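In terms of our numbering, the sequence shown opens at residue 25 and continues consecutively.
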Amino acid sequence: MRNSYLGPEYSNDEIKRFLDDKEIVHEVFGREEILKRTAEIIADKRVVGWFQGRMEWGPRALGNRSILADPRDKEMQDIVNLKIKFRESFRPFAPTVLLDKAAEYFELDRDQQSPYMLLVTQVRENKRVIPAVTHVDGSARVQTISREDNPLYYDLIDAFYKITGVPVVINTSFNVRGEPIVCTPEDAYRCFMRTKMDNLVMGNYILNKEEQKQFEEDGEWLKEFSLD
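What follows is the structure in structure tokens.
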């Protein structure tokens, strides 16, 4: 088995139908423009909900149902924890790194893979420019990504690398504390609107929080989910 992307998938047509039915403001772009714009958004210190392809099967978001942010900014750890995940600010985040650059940033053997975000290793001393994913002991729980594993996610991080010189992004699961990882476009939009995420990218569509109408809640939604 090459990867764990075994869950449901939603086509651009299905996403478009949801957006139109709910009268949600959005823009549509081709693949290359989606990658370029999303990489620019992340590099501009904004937080992105990333909803693409088949959902991951298992406990980790591996680049298809992920919240992504810039690892160079130490404040991102607090921002994502407190304003998006609704959990303690000290909780660490995992990095996703391009496989061909992984050994430069982390104490890994050349071409050593960690596609399921299960391996903990040290961030190399000369590459500690990613404080938002570096634990207090200098370690990180790494996900490596190759183009074979996930072409779109790889190319997004590569686009971020071309802008910033850093082939790493923060990758955390697309949910709030105690909530399941989002599965459907409706799940993703609801989580996006309930949090301080700046943009949502679903398929070929980009949503900007500032352009969205007020989201109407039906009760105290955080109480729906038990805290972990």
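Heads up, the beta-carbon is just placed ideally off N, CA and C, and yes, glycines get one too. The structure presented is a predicted model; accordingly, all values stated were derived computationally and were not measured.
Q: Mind the definition here: the segment 150–159 touches the segment 177–187 only if three or more C-beta pairs lie below 8 Å; say whether that holds.
A: The segment 150–159, when compared against the segment 177–187, does not touch it at the 8 Å Cβ threshold.
Q. How about the segment 220–228 and the segment 62–79: do they share at least three Cβ pairs that are nearer than 8 Å?
A. yes
**Q.** Local Cβ density within 10 Å of Arg152, reported as buried at 16 or more and exposed below that
**A.** By 1-based counting over the sequence shown, the position of residue 152 is 128. Counting Cβ neighbours within 10 Å, Arg152 comes out exposed, since fewer than 16 surround it.
Q.
Judging by CA-CA distance, which residue of Met221, Leu30, Pro209, Arg218 is the nearest neighbour of Tyr229?
A. Mapped onto the sequence shown, residue 229 falls at position 205. For Tyr229, the nearest C-alpha among the options comes from Pro209.
Q: Whole angstroms is fine: what's the gap from Leu122's alpha carbon to Pro191's?
A: Along the sequence shown, read from residue 1 onward, the residue named residue 122 stands at position 98. Along the sequence shown, read from residue 1 onward, the residue named residue 191 stands at position 167. Cα to Cα, the separation comes out at about 6 Å.
Q.
By the three-class DSSP mapping on this structure, what secondary structure does Met141 have?
A. Taking the first residue of the sequence shown as 1, we reach residue 141 at position 117. Residue state, collapsed to three classes: coil.
Q. Should the segment 128–147 be regarded as contacting the segment 163–172, the criterion being three or more beta carbon pairs within less than 8 Å?
A. Flag = yes, the segment 128–147 and the segment 163–172 touch.
Q.
Rounded to whole angstroms, what is the Cα-Cα separation between Gly162 and Val144?
A. Locating residue 162 in the sequence shown gives position 138, counting from the first residue. Locating residue 144 in the sequence shown gives position 120, counting from the first residue. Cα-Cα distance, rounded: 10 Å.
Q | Bounding residues of the beta strand (DSSP E) (the contiguous stretch that carries Arg165) | A | Residue 165 sits at position 141 when you count from the first residue of the sequence shown. Where Arg165 is concerned, the enclosing beta strand (DSSP E) stretches over 163–169.
Q) Which residues mark the beginning and the end of the alpha helix (DSSP H) in which Leu59 is found? A) Position 35 of the sequence shown, counting from 1, holds the residue named residue 59. For Leu59, the enclosing alpha helix (DSSP H) begins and ends at 55–67.
Q. Tell me the DSSP bridge mates of Met79?
A. The residue given as residue 79 occupies position 55 in the sequence shown. DSSP lists no partner for Met79.
Q. Opposite Thr120 in the DSSP bridges: which residues?
A. Position 96 of the sequence shown, counted from the first residue, corresponds to residue 120. Bridge partners of Thr120: Gln167, Val193.
Q: Taking only the alpha-carbon atoms, compute the straight-line gap between Val104 and Gln76 and give it to the nearest angstrom.
A: What you label residue 104 is simply residue 80 of the sequence shown in a count that begins at 1. What you label residue 76 is simply residue 52 of the sequence shown in a count that begins at 1. Approximately 20 Å between the Cα atoms of the pair.
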